[in-house]
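Just below is one structure, and these are the notes that go with it.
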Amino acid sequence: DAKTTQPPSMDCAEGRAANLPCNHSTISGNEYVYWYRQIHSQGPQYIIHGLKNNETNEMASLIITEDRKSSTLILPHATLRDTAVYYCIVRIDNYGQNFVFGPGTRLSVLP
Amino acid sequence: DVKVTQSSRYLVKRTGEKVFLECVQDMDHENMFWYRQDPGLGLRLIYFSYDVKMKEKGDIPEGYSVSREKKERFSLILESASTNQTSMYLCASSHIWGGEKLFFGSGTQLSVL
């Protein structure tokens with residue numbers, strides 16, 4: 020599975036959009052981009068995933084560049100409860116395959 | 046909502062004890078996973094299972110074993126606990142297809158003294 024690079028930490032003002040970048044320059048054509056987050060003292064939580072096209076759900080939007088070498092997770096109106104570690108993972112969507120969690124980005128939403 | 050339940054939130058054991066960590070999921074998921082999480086090292090996969098009585102080693106299986114006698118239950122066993130197994134242990138499950146959504150339990154913080 021391709022490696023990802025994320026900034027170790029970011030701040031965002033409450034109510035503003037949080038844009039979390041992820042680089043995955045070695046991604047291959049059949050690898051998906053996934054985002055999870057982990058709020059303190061809880062297990063990670065699935066947010067969103069995509070292959071080529073931009074995706075949106077009730078939690079966030081995922082923007083994948085045309086060359087697929089990077090992506091951005093957007094939380095449109097960050098709240099204090101969005102303070103968490105955000106993990107970007109790329110993997111082939113195969114049966115039984117593991118998710119490899121890197122160190123992620125620690126997002127702090129500030130009042 | 047999917048529920049992945051881990052039997053204990055906090056556990057304190059002595060070196061050399063046999064430790065059982067239990068995980069139960071209620072969504073009929075085929076895949077189940079055990080991770081440990083340590084500061085600075087992220088989540089690391091210990092074992093996973095894609096069916097009853099099936100198991101596969103993850104990245105760090107040494108010192109651990111697992112049991113999956115029923116589809117909903119996946120147990121992690123520390124045969125002889127050691128201090129370097131002090132960690133947060135996280136169980137997760139997913140369907141075999143649509144495996145993108147891993148559902149995690151709240152974790153067990155194990156301290157081995």
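In the order they appear, the protein sequences are chains Z and H. Per the working numbering, the first sequence runs over residues 20 to 130. Per the working numbering, the second sequence runs over residues 46 to 158. Ideal Cβ positions, reconstructed from N, Cα and C, are used throughout, including at glycine.
Alpha carbon to alpha carbon, how far is residue i from residue j?
| i | j | result |
| --- | --- | --- |
| residue 29 of chain Z | residue 127 of chain Z | 6 Å |
| residue 108 of chain Z | residue 127 of chain H | 31 Å |
| residue 131 of chain H | residue 107 of chain H | 14 Å |
| residue 64 of chain Z | residue 84 of chain Z | 24 Å |
| residue 141 of chain H | residue 156 of chain H | 33 Å |
| residue 136 of chain H | residue 95 of chain Z | 30 Å |
| residue 53 of chain H | residue 104 of chain Z | 23 Å |
| residue 33 of chain Z | residue 100 of chain H | 44 Å |
| residue 96 of chain H | residue 119 of chain H | 10 Å |
| residue 57 of chain H | residue 111 of chain H | 20 Å |
| residue 123 of chain H | residue 153 of chain H | 13 Å |
| residue 55 of chain H | residue 80 of chain Z | 35 Å |
| residue 61 of chain Z | residue 44 of chain Z | 30 Å |
| residue 25 of chain Z | residue 85 of chain H | 14 Å |
| residue 78 of chain Z | residue 149 of chain H | 18 Å |
| residue 82 of chain H | residue 88 of chain H | 4 Å |
| residue 115 of chain H | residue 104 of chain H | 24 Å |
| residue 90 of chain H | residue 109 of chain H | 11 Å |
| residue 122 of chain Z | residue 22 of chain Z | 12 Å |
| residue 86 of chain Z | residue 50 of chain Z | 13 Å |
| residue 75 of chain Z | residue 75 of chain H | 27 Å |
| residue 56 of chain Z | residue 106 of chain Z | 6 Å |
| residue 66 of chain H | residue 51 of chain H | 7 Å |
Run down chain Z in chain order and give the residues with a C-beta less than 7 Å from the C-beta of residue i.
| i | result |
| --- | --- |
| residue 108 of chain H | Result: empty, since nearest Cβ-Cβ is about 19 Å, beyond 7 Å. |
| residue 156 of chain H | Per Cβ cutoff of 7 Å: no residues; residue 156 of chain H is ~15 Å from chain Z at best. |
| residue 90 of chain H | 117 |
| residue 56 of chain H | In chain order: nothing, as chain Z lies at least about 15 Å away. |
| residue 123 of chain H | None at all; the shortest Cβ gap to chain Z is about 20 Å. |
For residue i, which residues in chain H fall below 8 Å Cβ to Cβ?
| i | result |
| --- | --- |
| residue 27 of chain Z | Those within 8 Å of residue 27 of chain Z in chain H number zero; the least Cβ separation is about 11 Å. |
Name the chain H residues that come within less than 7 Å of residue i, Cβ to Cβ?
| i | result |
| --- | --- |
| residue 105 of chain Z | Within 7 Å Cβ-Cβ: nothing; residue 105 of chain Z doesn't reach chain H, min ~13 Å. |
| residue 121 of chain Z | 87 |
Strictly below 8 Å CB to CB, what residues from chain Z border residue i?
| i | result |
| --- | --- |
| residue 146 of chain H | 65 |
| residue 119 of chain H | Near residue 119 of chain H there are no residues of chain Z at all, since even the closest Cβ is about 14 Å away, more than 8 Å. |
| residue 151 of chain H | 60, 61, 62 |
Checking the sheet assignment: what are the DSSP bridge partners for residue i?
| i | result |
| --- | --- |
| residue 122 of chain H | H:65, H:110 |
| residue 36 of chain Z | DSSP output for residue 36 of chain Z lists no bridge partner at all. |
| residue 154 of chain H | H:55, H:133 |
| residue 83 of chain H | H:87 |
| residue 25 of chain Z | Residue 25 of chain Z pairs with nothing; no bridge assigned. |
| residue 92 of chain H | H:79, H:102 |
| residue 15 of chain Z | Nothing in the structure corresponds to residue 15 of chain Z, since chain Z is present only between 20 and 130. |
| residue 50 of chain H | H:69 |
| residue 52 of chain Z | Z:69, Z:109 |
Give me the chain Z residues within the contact set of residue i, using Cβ-Cβ distance strictly less than 9 Å, ordered along the chain.
| i | result |
| --- | --- |
| residue 65 of chain H | Those do not exist, as residue 65 of chain H stays about 19 Å from chain Z at its closest Cβ, beyond 9 Å. |
Residue i versus chain A: which residues are under 9 Å apart at the beta carbon?
| i | result |
| --- | --- |
| residue 61 of chain H | The displayed structure is made up of protein chains Z and H, and chain A is not among them. |
**OP:** Quick one: which unbroken beta strand (DSSP E) runs of 3-plus residues sit fully inside the region 83-128 of chain Z? Chain order, please.
**Re:** 89-94, 103-111
**OP:** Scan the region 61-90 of chain Z for residues whose Cβ lies nearer than 9 Å to a Cβ of chain H and list them as they occur along the chain.
**Re:** 61, 62, 63, 64, 65, 68
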